[in-house]
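My numbering applies: residue 61 is where the sequence shown begins, and numbers increase by one. Report on the following structure.
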Amino acid sequence: MSISKCSKCDSESIIFLHYVCKHLCAKHFRELFEKRFRSTVREFSMIKKDDRIAVGLSGGKDSTVLLRCLHELCKDLPMELVAITVDEGIDNYRDATLRIAKRETKKLGIEHKIVSFKKEFGKTLDTIMKKDGSLPCSYCGVLRRGLLNRGARELGADKLAIGHNLDDVAQTTLMNILRNEPDRIARFMEPQIKHPSFITRIRPLLRTPEKEVAIYAMVRGINIDHQECPYAQSAFRQIVRRQLNEMEECHPGTKFKILGSFLSMDKIMKMKSEKKLTACSSCGEPSAGKTCRFCEMRASFF
Ligand code: SF4
Numbered sequence: 061m062s063i064s065k066c067s068k069c070d071s072e073s074i075i076f077l078h079y080v081c082k083h084l085c086a087k088h089f090r091e092l093f094e095k096r097f098r099s100t101v102r103e104f105s106m107i108k109k110d111d112r113i114a115v116g117l118s119g120g121k122d123s124t125v126l127l128r129c130l131h132e133l134c135k136d137l138p139m140e141l142v143a144i145t146v147d148e149g150i151d152n153y154r155d156a157t158l159r160i161a162k163r164e165t166k167k168l169g170i171e172h173k174i175v176s177f178k179k180e181f182g183k184t185l186d187t188i189m190k191k192d193g194s195l196p197c198s199y200c201g202v203l204r205r206g207l208l209n210r211g212a213r214e215l216g217a218d219k220l221a222i223g224h225n226l227d228d229v230a231q232t233t234l235m236n237i238l239r240n241e242p243d244r245i246a247r248f249m250e251p252q253i254k255h256p257s258f259i260t261r262i263r264p265l266l267r268t269p270e271k272e273v274a275i276y277a278m279v280r281g282i283n284i285d286h287q288e289c290p291y292a293q294s295a296f297r298q299i300v301r302r303q304l305n306e307m308e309e310c311h312p313g314t315k316f317k318i319l320g321s322f323l324s325m326d327k328i329m330k331m332k333s334e335k336k337l338t339a340c341s342s343c344g345e346p347s348a349g350k351t352c353r354f355c356e357m358r359a360s361f362f
């Protein structure tokens, strides 16, 4: 089997970027990855000097790589970093990533807050699923988002950094189209949402394919856990993910094109409407309606 050479030097290639038809060695791949990370932060004005950034750190590959990249960015763009992990209570899964989150924050000297479903709601996600196992990700997503927002606020953060990569954004865009939920597309980027309790979320890995996050972790020697959440397979997202990967195989660049469409739609929608949030009548947290989804969700399992 012949070994492919890097398109930029004579070294051995470790990755083929099919969407630009280029082979890259470890050094040039790392360069491209970090350059794209920084240019994404700049493009969307995600971080200002001296911002306090809370990183939603699950301990999975995306958030772990995000934390490392932000930590390195601090050398050129001074900011304060803190991290929050939500322990949903998922047996044989969350413990491993929780260990990674603790290890990374300790190594980098970053303040780390851990919140759990068990402590907040008296029930783990596993327990909730025993009662109603139909929509694990819907429960988990809403409750986790609520806890991350509150946690970031309690840590005095200006922004909440989330490890969503290109695949996540492309999947979310397609899912919202397939479910006829354009409102969710409008809400996804959120910078237009103004509410004193709402911490703006930023996604610096927005332009980075999922596979490249995993390879970057390998190149940097970041020990990551490759297990998938046991509930992930049941999600609609998995179907969309498989289909998108097949499309990407046949039509390289599909995911980037979906991201491009999403950003164009987002711009148009933002010009037309400014989303206003009110305070939830039950918990006082930011809400698009009278009662927030967090409270509706919580009420459904108590
Ligand atoms: Fe939660 Fe679903 Fe993600 Fe598992 S896959 S952590 S249940 S959102």
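Glycine residues also receive a C-beta, built at the ideal position from the N, C-alpha and C atoms. No experiment lies behind these values; they were computed from the predicted model shown.
With distances taken Cα to Cα, identify the nearest neighbour of residue i among the options.
i, options, result
"Gly169", "Glu140, Pro269 and Gly281", "Glu140"
"Glu309", "Cys81, Ile63, Lys65 and Glu94", "Cys81"
"Lys179", "Pro290, Ile63, Leu207 and Lys330", "Leu207"
"Ile245", "Ala143, Asp228, Ala277 and Glu103", "Asp228"
"Cys355", "Arg205, Arg261, Phe316 and Asp218", "Arg205"
"Phe296", "Asp186, Ser198 and Ala161", "Ser198"
"Ile74", "Ile275, Leu323 and Gly320", "Ile275"
"Gly216", "Tyr79, Phe258 and Ala161", "Phe258"
On the CB-based measure, 16 or more other CB atoms within 10 Å of its CB, does residue i come out buried or exposed?
i, result
"Asp326", "buried"
"Phe299", "Residue identity check: residue 299 is Ile in the sequence provided, not Phe. Counting Cβ neighbours within 10 Å, Ile299 comes out exposed, since fewer than 16 surround it."
"Glu148", "buried"
"Thr145", "buried"
"Pro242", "exposed"
"Thr233", "buried"
"Glu91", "exposed"
"Ile328", "exposed"
"Thr165", "buried"
"Gly320", "exposed"
In the structure shown, what three-state DSSP assignment does residue i receive?
i, result
"Val101", "helix"
"Leu195", "coil"
"Ser67", "coil"
"Lys121", "helix"
"Leu323", "helix"
"Thr145", "strand"
"Glu140", "strand"
"Val202", "helix"
"Ser360", "helix"
"His224", "coil"
"His172", "strand"
"Thr184", "coil"
Measuring only the C-alpha atoms, how far is residue i from residue j?
i, j, result
"Cys134", "Ala114", "13 Å"
"Cys66", "His83", "5 Å"
"Ile237", "Cys69", "42 Å"
"Gln231", "Leu304", "7 Å"
"His224", "Arg267", "9 Å"
"Lys173", "Ile63", "45 Å"
"Phe104", "Phe248", "14 Å"
"Val125", "Lys330", "30 Å"
"Ser99", "Asp111", "18 Å"
"Lys350", "Gly344", "10 Å"
"Ser71", "Glu94", "19 Å"
"Ile101", "Ile107", "Residue identity differs from the one stated: residue 101 is Val in this sequence, not Ile. Those two C-alpha atoms are separated by around 7 Å."
"Asn283", "Leu265", "19 Å"
"Arg154", "Leu337", "32 Å"
"Ile366", "Gly313", "An answer regarding residue 366 cannot be provided, because it is not within the stretch 61 to 362 covered by the chain."
"Cys289", "Glu171", "26 Å"
"Glu132", "Ala143", "15 Å"
"Glu306", "Leu77", "16 Å"
"Ile318", "Arg239", "16 Å"
"Cys352", "Arg302", "32 Å"
May I ask which residues mark the beginning and end of the beta strand (DSSP E) holding residue i?
i, result
"Ala114", "Arg112 to Gly116"
"Thr260", "Thr260 to Ile262"
"Lys82", "Lys82 to Leu84"
By the DSSP assignment, the alpha helix (DSSP H) with residue i in it spans what residues?
i, result
"Ile245", "Pro242 to Phe248"
"Thr165", "Arg154 to Leu168"
"Ile75", "Careful: Ile75 lies outside any alpha helix (DSSP H), inside the beta strand (DSSP E) at Ile75 to Leu77."
"Lys271", "Glu270 to Val279"
"Lys178", "Phe177 to Phe181"
"Glu306", "Phe296 to Cys310"
Examine chain B for any beta-carbon lying closer than 8 Å to the beta-carbon of residue i, and answer yes or no.
i, result
"Met278", "Note that chain B does not occur in the displayed structure, where there is just one protein chain."
inquiry  = I need the residues with a C-beta less than 7 Å from some heavy atom of ligand 3; please give them in chain order.
reply    = With respect to ligand 3, the structure shown offers nothing to examine, as its ligands consist of ligand 1.
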